Structures are given as C-alpha cells and as structure tokens.
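K.L.:
Here it is: the structure, laid out below.
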Amino acid sequence: MAASPLQPERHLLARVHAVQADAPQIRLTVELTASADPALPVRPGQEVDFAVTLLPEGSGHRYYGYVMAAPFERVATVDRLGGMSLLPSKDRYASSVEAGTSRVARFTAVVRHDVGGGAFLLPEVRAGIIAHGGSSLTSSTHSVRQYGYRIAPFPPQGRVLHLAPGYRGVVKDLLDGLGDAARLAGVGPARQGVTSVEPDGVVTYTPFTGHLGYDRFSYAVDDGTGHVMSGQVTVCIGELQAPGVLGG
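So the sequence shown is residues 10 to 257, counted in my numbering.
Below you can see the structure in the form of structure tokens.
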C-alpha cells in the first residue's frame, strides 16, 4: 500500500465504508493498517503497531471508527492507545472526527505468551456516522474483517552437533525462525570441551584432546521482547565418513 500524508507505509488489514442513506454525499472510510505483514506469522510476545485512519466526506455532524475488542482479547494485550479509547461497553475501541478533517488513531497489541499454536488474530472494524446532530448513529456498518495474523509458537529448541575426532564444530542456526529481533543471550560451558561465541553469534565447540563420545552444553536465546528460552546442544564425537569442521 502506498504511503499517504497521514501515516507511514503499512500493511492494510481492513477497509470499511459507511454511507448516509438519505444523504449519500455524507460518507466515511475507515482503514486499519499495521506494522506487521499479515503474510507472515506473529510470535508470542511480539508487538504489532496498529493505525486506524478516519477519512470523512460531506457535512456530517460526527464520524466514528471502531475496532472490535473481542478478537484482541483472545490472544493479545492492547496498550498505548492514542486518539482512541475503549468504550464503557468494553466491546470496542472508538475514535471520532468532525467533518472536514481526517484522523489517525493508534494502538499497540502484544501477543500473549500463553497463546497456543493454531490461534489467529483477525481484527474487525466498523464505521458509523451521526449525520444531522444528536447522539445516536444514523448510519453504521457491520463488522468487517479482511486480513489477520496466524500466531505461531516458537520452534522447539535443541540442536545436535556431529564431529569427527580431533575437529571443532560450529553452531550457526540457534536464532533461526525466531525473528529479526532475537539474540543469543548466553552459552553455557561444556563438560568435555570448550565453548565460545563469535561476534556474529556463531557458537564454537572445541572438544578436549582425545575425547570421544557425547558431550553437551546449554544456551539461551531472547526473542527480542525479553522472553528467554533455553535449549541444549548435544555433541556426538566419533568416526565420520567426511571429516572436517561441521555445523549443526
């Protein structure tokens, strides 16, 4: 979606139009956009920034954009509301604007860590108009949902490193599948060898001279939100057909 003067380039999740039946020149477009690409899964603990854009037309009295609360309550915590608020009914977040102006309201949703695999976040938006004064909507839409997110748990931790006798090994993939914000938080010692971490996050294991068989060491990764997961690398040292420096 092309950038507009109202907001940076983001991913469009839903667009809804409301039209006043007795005055079709009075209308409202509500767009919900987000910082995360709906083509990709979101992870537990991930923050997604949302923007609700209200684009009124005509001389209506007041225009309203709504984001329904229920889809978020099931899987995320909504925070940092700007330009919108949760209504007393607690069923929706609302923002409003007068004729002749536009508005962008914002909020952040943090995916809960206790969300299981197979869950989805599919936001719903509505639009409403008070055309001629008063306090009741004279036009409104049903909830519209178009694009959303699959919530994918983090991949299981743990690696196996196979080494030929007398050779060291490297582990390069400890952050695979965890997102760009993930980082290696720490690596523990091995019992029968020495572990070290390179500046680029590659872990090196060097076995003690003469050791054959199994060894292991632990590691911890931060998913970028402060949530730390631990895993273990199991090292197998024995005769292999192709000697060399092997990565797991």
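Don't be surprised by glycine CBs; every beta carbon is placed ideally from N, CA and C.
Note that the coordinates shown come from a computational prediction; the quantities given were computed from them, not determined experimentally.
Could you give the first and the last residue of the continuous beta strand (DSSP E) run that contains F59?
P.N.:
Position 50 of the sequence shown, counted from the start, is the residue given in the question as residue 59. Counting along the chain, the beta strand (DSSP E) containing F59 begins and ends at 56–66.
K.L.:
Under 8 Å, do L22 and V39 count as touching if we go by C-beta distance?
P.N.:
Reading the sequence shown from its first residue, position 13 is the one you call residue 22. Reading the sequence shown from its first residue, position 30 is the one you call residue 39. No; because the gap between Cβ atoms is not below 8 Å, this pair is not in contact.
K.L.:
Going by C-alpha to C-alpha distance, which of Y73, R101, I138, R177 sits closest to C245?
P.N.:
Locating residue 245 in the sequence shown gives position 236, where the first residue counts as 1. The residue with the shortest Cα to Cα distance from C245 is R177.
K.L.:
What do you get for S239, buried or exposed, if any count of 16 or more other CB atoms within 10 angstroms of its CB means buried?
P.N.:
For the purposes of this step, residue 239 is taken as residue 230 along the sequence shown, with counting starting at 1. A residue is called buried once 16 or more other Cβ atoms fall within 10 Å of its Cβ, and S239, having fewer, is exposed.
K.L.:
Within 10 angstroms of its Cβ, does V203 collect 16 or more other Cβ (buried), or is it exposed?
P.N.:
Sequence index remark: in the sequence shown, residue 203 carries index 194 (1-based). Exposed, since its Cβ has fewer than 16 Cβ neighbours within 10 Å.
K.L.:
Could you compute how far the alpha carbon of G222 sits from the alpha carbon of A191?
P.N.:
Counted from its first residue, the sequence shown places residue 222 at position 213. Counted from its first residue, the sequence shown places residue 191 at position 182. Their Cα atoms are separated by approximately 32 Å.
K.L.:
Who pairs with S239 in a beta bridge, going by DSSP?
P.N.:
In the sequence shown, counting from the first residue as 1, residue 239 sits at position 230. According to DSSP, which records beta bridges pairwise, S239 is partnered with A229.
K.L.:
Between L41 and the rest of its own chain, which residues show a CB-CB distance below 7 Å, the 5 nearest in sequence each way excluded?
P.N.:
Looking up residue 41 in the sequence shown gives position 32. If we look at L41 and ignore the five residues flanking it on each side, its Cβ neighbours are L22, A23, F59, V61, V76, P132, V134.
K.L.:
By the three-class DSSP mapping on this structure, what secondary structure does A79 have?
P.N.:
Within the sequence shown, residue 79 is the residue found at index 70, counting from 1. Helix, per DSSP.
K.L.:
Does DSSP classify L24 as helix, strand or coil?
P.N.:
Locating residue 24 in the sequence shown gives position 15, where the first residue counts as 1. Reading off the sequence, residue 24 comes out as Arg, not Leu. The answer is strand: DSSP assigns R24 an E or B state.
K.L.:
Specify whether the segment 117–130 and the segment 77–85 touch according to this definition: at least 3 beta carbon pairs, one from each stretch, less than 8 Å apart.
P.N.:
yes
K.L.:
Leaving out the 5 sequence neighbours to the left and right, which residues in its chain are closer than 6 Å to S148 when beta-carbon positions are compared?
P.N.:
As a working note, residue 148 is residue 139 in the sequence shown. Exclusion of the five residues before and after S148 leaves A27, Q29, I138 as the residues of its chain whose Cβ lies within less than 6 Å of its Cβ.
K.L.:
Just to confirm my understanding: we take V25, look at its own chain, exclude 5 residues before and 5 after, and list those with CB closer than 6 Å. What are they?
P.N.:
Locating residue 25 in the sequence shown gives position 16, where the first residue counts as 1. Closer than 6 Å at the Cβ level, and outside the excluded window around V25, lie V39, V134, A136, T150, V153.
K.L.:
Which residue from G109, Q201, P50 puts its Cα closest to that of I35?
P.N.:
Within the sequence shown, residue 35 is the residue found at index 26, counting from 1. The residue with the shortest Cα to Cα distance from I35 is G109.
K.L.:
Output needed for S105: all residues of its chain with C-beta closer than 6 Å, excluding positions within five of it in sequence on either side, in chain order.
P.N.:
Residue numbering aside, residue 105 sits at position 96 when the sequence shown is read from its first letter. Around S105: R71, Y73.
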